[in-house]
Amino acid sequence: MKKIFLLAVMATLSLHFPGSAQCPEALMRYSDRYPAAEAQDLYKLVFQDLYGPGHLISDSATSARYIADEVANMGNTDAFPLYEYTLCDSHFVRVNLALVRSGVLPLDKFVSSLLRSTEGLPAPDGRFVLSHSDAFKSAYHPHYRIVRRDIFENEILPLLSAAGTPAGRHAGRPQNVILIIGDGMGVPQVYASVVAQRANRSAFLRFPVSGFSRTYSRNRYRTDSSAGGTALTTGHKVDNYHVNWGPEAQRYNTIFDDAQRQDMSTGFVVTSSVLDATPAATYGHVPYRKMFDTLSLQMAQCGHSVMMGGGYKYFLPQNRKDGLAPLDTLATRGYTVLRTLDDARAFQGDRMVALLYDGDPLTEPARGDMLRPAAMKAIEMLQRNPQGFALMIEGSQIDWACHNNDSAYLRAELADFELMLHAVLDFAERDGHTLVVVTADHETGGVTLPDGNIEQGVNEVRFLWGDHTGCMVPVFAYGPGAQTFSGIQENTDIPAKIRKLMKL
Ligand SMILES: [Zn+2]
């Protein structure tokens, strides 16, 4: 994978910081100052402990360049998948913010200085985000004066947003949204995954924003996946077993319908049948989730560009009460229906349905690495649309493992989910215009973790029962607008926020 090293530097610092001038001598000084052993610690702190991959924050071009070179020299760039360097300097920012506020410095000049790269070329929109922590500062760079995240988020971003600069638009309005649902994935499931990944390798740790979602349905303290999915895709609480279907038989619009109306591309990838409740909540309208004949016809008409999962048998006339052939409908609507992951990955067209299993996809680990490549294929197809896209990805079987009270199955499904999550976040970091929201429709199993071993990545997993519970579930967000997903929210707030952010 090609790594893009982008250095966005703040303005000419030489007046304030003689040491950070962009010259070979300065670079050599930095190299001398930070011998390899210390640099290694530095990378660990920056990449793993503080920010996760993708964010190197430094106050000068030279030190960032040095670290970039060191990481490259380590020959281990996979461990540090960097895509951009973001640099900023708090002294510069404070001085210039004051000048902007007093009207002396035009905002656009301030922004262009924020976006200036080491080569003196403008950096792409929104690629300058920065920050730093006091812990980092005192541990490694006591002489640095670096902008803190709170200054950036509370002072700079609002100025940019108010002025409608490109960076401000980027900060406020995502072009794409990826809604990721871990079915049945409550806080204990997430924590089990964080522990199992060890050494801070969990993808969940890469999210800068987290919150909670209340999952109760219109008629039950404990939701099922139809009402849970409906809440997340339409913004309406409905009765259990209803899919995008109101109490007066209303057909509720989904964020995917709204996205299509704005000429965006849409789709889903799941590890269940494509007719299961959660994927159905991206396209279907039925009063009972098991109306597979109806759902398959609705799916064929829904306009998603890419749909991937299991459930091929439901599309065959001999397995249907209505005797119809939705595969024909799919063909007339321009879809290519594929049966293997390899064929799906090689597909070059614009409309694909991948029905990779006759019924439900295999369980992990037998299923192998399917969710991640399927999700990345969907992203590859959808991102061709310059209007943007909306994609739902579901780790469907986290729920099933918990229904079965099977901790090994749960562990394997969570590991699979982590792989997908890392890949999606890598994409979102590269892209810069994608909002990623991860949540669950409900918790399953009443999972708790009475004991374990952090160093060995081992959890003792106990289950209360084989059904869902009414607990709040976690929400994680990354990308433009992510901060709006913090705090305790209704599950129905999540699509409302997506609509608002994306102006759907
Ligand atoms: Zn369930």
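Taken in order, the sequence shown gives residues 622 to 1125; the numbers are from the numbering used here. Every residue gets a Cβ at the ideal spot worked out from N, C-alpha and C, and that includes glycine.
- A check of alpha carbon separations from residue 841 across 811, 994, 860, 1065 identifies 860 as the nearest.
- Short note on residue 931: C-beta not closer than 7 Å to any heavy atom of ligand 1.
- Distance from the CA atom of residue 1123 to the CA atom of residue 886, rounded to whole angstroms, is 14 Å.
- Distances taken from the Cβ of residue 863 to the heavy atoms of ligand 1 include none shorter than 7 Å.
- The three-state secondary structure of residue 866, taken from DSSP, is strand.
- DSSP, reduced to helix, strand and coil, places residue 800 within a strand of the structure shown.
- Within its own chain, the residues whose Cβ lies closer than 6 Å to the Cβ of residue 806, once the five positions on either side in sequence are excluded, are 1019, 1061, listed in chain order.
- In the assembly as shown, residue 942 is an exposed residue. Its beta-carbon has fewer than 16 other beta-carbons within 10 Å.
- At a threshold of 7 Å, residue 1016 does not count as near ligand 1, since its beta carbon sits no closer than that to any of the ligand's heavy atoms.
- Residue side-chain check: residue 838 keeps its Cβ at 7 Å or more from all non-hydrogen atoms of ligand 1.
- The bridge partners DSSP lists for residue 996 come to none.
- Taking each of 1115, 850, 969, 956 in turn and checking the Cα distance to residue 901, the smallest one comes out for 850.
- When the five nearest sequence neighbours on each side are left out, the beta carbons in the same chain lying within less than 7 Å of the beta carbon of residue 948 are those of 936, 958, in order along the chain.
- When C-alpha distances from residue 1053 are compared across 817, 1113, 832, 1009, the shortest belongs to 1009.
- DSSP lists 1073 as the bridge partner or partners of residue 1080.
- In terms of Cβ geometry, residue 1056 and residue 1100 form a close pair [threshold 8 Å].
- Note: residue 931 is bridge-paired with 894 in the DSSP secondary-structure output.
- Exclusion of the five residues before and after residue 898 leaves 846, 847, 850, 910 as the residues of its chain whose Cβ lies within less than 6 Å of its Cβ.
- Per the coordinates, the alpha-carbon of residue 976 lies some 15 Å from the alpha-carbon of residue 946.
- Residue 958 carries a strand assignment under DSSP once its states are collapsed to helix, strand and coil.
- When only Cα atoms are considered, residue 855 and residue 1012 end up about 14 Å apart.
- Assignment of residue 846 by DSSP, reduced to helix, strand and coil, places it in the helix class.
- With fewer than three CB-CB distances shorter than 8 Å, the segment 868 to 879 does not count as touching the segment 812 to 820.
- By the neighbour-count definition (other C-beta atoms within 10 Å, threshold 16), residue 953 is an exposed residue.
- Pairing residue 1118 with residue 939, the inter-Cα distance amounts to about 43 Å.
- Around residue 956, the same chain offers 972, 974 as residues with beta carbons nearer than 6 Å, after the five sequence neighbours per side are excluded.
- Look at residue 1030 here: in three-state DSSP terms it is helix.
- Where residue 1017 is concerned, there is no enclosing beta strand (DSSP E), because DSSP gives it neither an H nor an E.
- Taking the C-beta atoms as reference points, residue 1024 is found nearer than 8 Å to residue 1065.
- If you look at residue 1096, you'll find it in the beta strand (DSSP E) that goes 1094 to 1099.
- With a contact defined as Cβ atoms closer than 8 Å, residue 930 and residue 895 qualify at about 4 Å.
- Residues 929, 995, 996, 999, 1014 of the same chain have their beta carbon placed closer than 6 Å to that of residue 890, with the five preceding and five following residues left out of the count.
- Looking at 803, 808, 797, 1104, the one whose alpha-carbon comes closest to that of residue 1082 is 808.
- Annotation: residue 950 to residue 917 spans about 10 Å, alpha carbon to alpha carbon.
- In this structure, 924 is the residue among 829, 826, 833, 924 with its C-alpha nearest to the C-alpha of residue 878.
- In this structure, DSSP gives residue 1107 a state outside helix and strand, which the three-state scheme calls coil.
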